[in-house]
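Chemist:
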Ligand code: SAH
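Numbering (the working numbering), first residue to last: 2 to 357.
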C-alpha cells in the first residue's frame, strides 16, 4: 500500500530544503518550492515551472498540497464580499472582505465555531469544532488579497481577526499565520495593518506582550461592570475585569500600543449612567480608544440596540473625558456578513452569488 502523503505546507523551509538534499538535489530547490507555496500561493506542483519534471514528480510522490476552496461568494449592496471557505475536511468557515473608499479590510476566521459563549454572537451558537491550521488562516488572507485586486484594483490594506472564533484560543496557529502574512517570503504585509480582536483572555494577552507581537489589539469589552459583562459573556466569570485590566496594563507596558475596546450598547443591558461611568473609569486606567459597534441582530435573541440618544450619551461622556471614540457602522448586513452574524447559514436566496 502506498504511504499516505504528507501535507508539504506543514513543513518549514528548512525541512523542504533537507528533503531535496536527501534526494541529491540542491537545497535552493527547497527555497523555490517554499516561495511557490507561500509567496505565490500556488497549489499545484505542475505550476512550479522552475522545477524540472523529475523534481515535480518526486514531490508528488511524497507530498500533497492541502488548501482551502472558496465555495461561494456573496456580495452585499455595499460591496462587502462574504466567502464560504471550505476546508480540506469539508468543514466551512466564513471570511469577509470589506471595502471602503480607500481601503479593503479582510475579516478572518480563526476557529470552526467558537469555544466561548457570548449571548449576542451567532458564531457562539455553533460550538467549537476545531482550530484552523496556520495555512487555512493564511489562505483566507491570500484569497481576499486576490479578490481585493480583482474587484477593487488594489491589494488588501488591513486584516482583522474578527471572523469566527476566538483567536487567542488558537494562539500558536494564529501567530504562525501572521508570521507568514508579514514575512517577505509570504505576503510581506506590515503588522501595523493587522488587528487581533479578543473577547479578553488575560493569560494570553500577557503572553502576546511577552512574545513582543507587532500587531494591534482590540478587546470586546461590551461592559466595564463585572456583573453585567458576565450576563452577556458568561465565560467572563472566569476572567474578571480586574484581571483583564492587569493583563492590558502588562500589554501596554511592553508594547506601548493603545488598546481598542469594542462595545455594543443594548437596551436594558448597558444603557444606564452607571454603565457609561464604568466605561469611562475603565478607559482612564489604560491608554485606549472605544469603538462603539452597531448591534447586528441574530436569530433567537431578544437583544436590541439602545437608542441613538444613549449612544450619543456614551460618545459625549467619553469625549469629555478625552477618550477617543468612534462609531462603527455595520457592513454587509444584507448577506449576514456583519460582526457577530457569521454562522455558515449559506442562505443565498435573492442574493448575488459568484462561483469561483
Ligand atoms: N472572538 C473575538 C473575535 C470575533 S468577534 C472577539 O470576541 O473579539 C468580532 C467582533 O464582533 C467582536 O468585537 C464582537 O464583540 C463583535 N460582535 C459579535 N457579535 C456581534 C453582533 N451580533 N453585533 C455586533 N457586533 C458583534
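Beta carbons are placed, not taken as given, at the ideal position from N, Cα and C, and that holds for glycine. A quick note: this is a predicted structure, and the numbers were derived from the prediction, not measured.
(1) Report the residue from 139, 146 and 171 whose alpha carbon sits nearest the alpha carbon of residue 129.
(2) Taking the beta carbon of residue 102 as the centre, do at least 16 other beta carbons fall within 10 Å, making it buried, or is it exposed?
(3) Please report whether the beta-carbon of residue 272 lies at a distance below 9 Å from any beta-carbon of chain B.
(4) Using CA coordinates, which residue listed in 264, 131 and 56 is at the minimum distance from residue 307?
(5) Beta-carbon separation of residue 160 and residue 190 under 9 Å?
(6) Would you kindly work out how many angstroms separate the C-alpha atoms of residue 9 and residue 247, rounded to a whole number?
(7) Rounding to the nearest angstrom, what Cα-Cα distance links residue 115 and residue 26 in this structure?
(8) Which of the three DSSP states is assigned to residue 149 in this structure?
(9) With DSSP as the reference, please indicate the residues paired to residue 100 in a beta bridge.
(10) Indicate, with yes or no, if the ligand SAH has a heavy atom lying under 8 Å from the CB of residue 21.
(11) Please tell me whether residue 47 and residue 31 are closer than 9 Å, where the distance is taken between their beta carbons.
(12) Quick check on residue 111: does DSSP put it in helix, strand or coil?
(13) Relative to the ligand SAH, is the shortest distance from any of its heavy atoms to the C-beta of residue 263 smaller than 8 Å?
(14) I'd like the list of long-range same chain contacts for residue 207, defined as Cβ closer than 8 Å, with 5 residues on each side in sequence excluded.
(15) What does the Cβ neighbour count give for residue 338, buried or exposed, with the cut at 16 atoms within 10 Å?
(16) Check whether the region 218-227 touches the region 168-186, counting contact only when three or more Cβ pairs, one atom from each stretch, lie closer than 8 Å.
(17) Sort out for me which residues DSSP pairs residue 8 with in a bridge.
(18) State the CB to CB distance for the pair residue 268 and residue 305, rounded to an integer number of angstroms; the pair is presumed to be in contact (CB under 8 Å).
Modeler: Result, derived from the coordinates:
(1) Of the candidates 139, 146 and 171, the residue whose Cα lies closest to the Cα of residue 129 is 171.
(2) So residue 102 counts as exposed.
(3) Reference to chain B is not applicable here, since this structure consists of a single protein chain.
(4) Closest option to residue 307, Cα to Cα, is 264.
(5) Yes. Within cutoff.
(6) Going by the C-alpha atoms only, they are around 41 Å apart.
(7) Approximately 44 Å, taken between the alpha carbons.
(8) If DSSP states are grouped into helix, strand and coil, residue 149 belongs with the helices.
(9) DSSP output for residue 100 lists 105 as bridge partner(s).
(10) No, Cβ of residue 21 sits at least 8 Å from all heavy atoms of the ligand SAH.
(11) Taking 9 Å as the Cβ cut-off, residue 47 and residue 31 do not qualify as a contacting pair.
(12) Looking at residue 111 - three-state DSSP - the assignment turns out to be coil, as it is neither helix nor strand.
(13) Yes, since a heavy atom of the ligand SAH falls inside the 8 Å radius drawn around the Cβ of residue 263.
(14) Non-local beta-carbon contacts of residue 207 in its own chain, meaning distances under 8 Å to residues more than five positions away in sequence, involve 248, 251 and 252 in chain order.
(15) Counting other Cβ atoms within 10 Å of its Cβ, residue 338 reaches 16 or more and is therefore classed as buried.
(16) Output reads no: the region 168-186 does not touch the region 218-227.
(17) In the DSSP output, where bridge partners are listed per residue, residue 8 has 65.
(18) Right, the Cβ-Cβ distance comes to about 5 Å (below 8 Å), so this counts as a contact.
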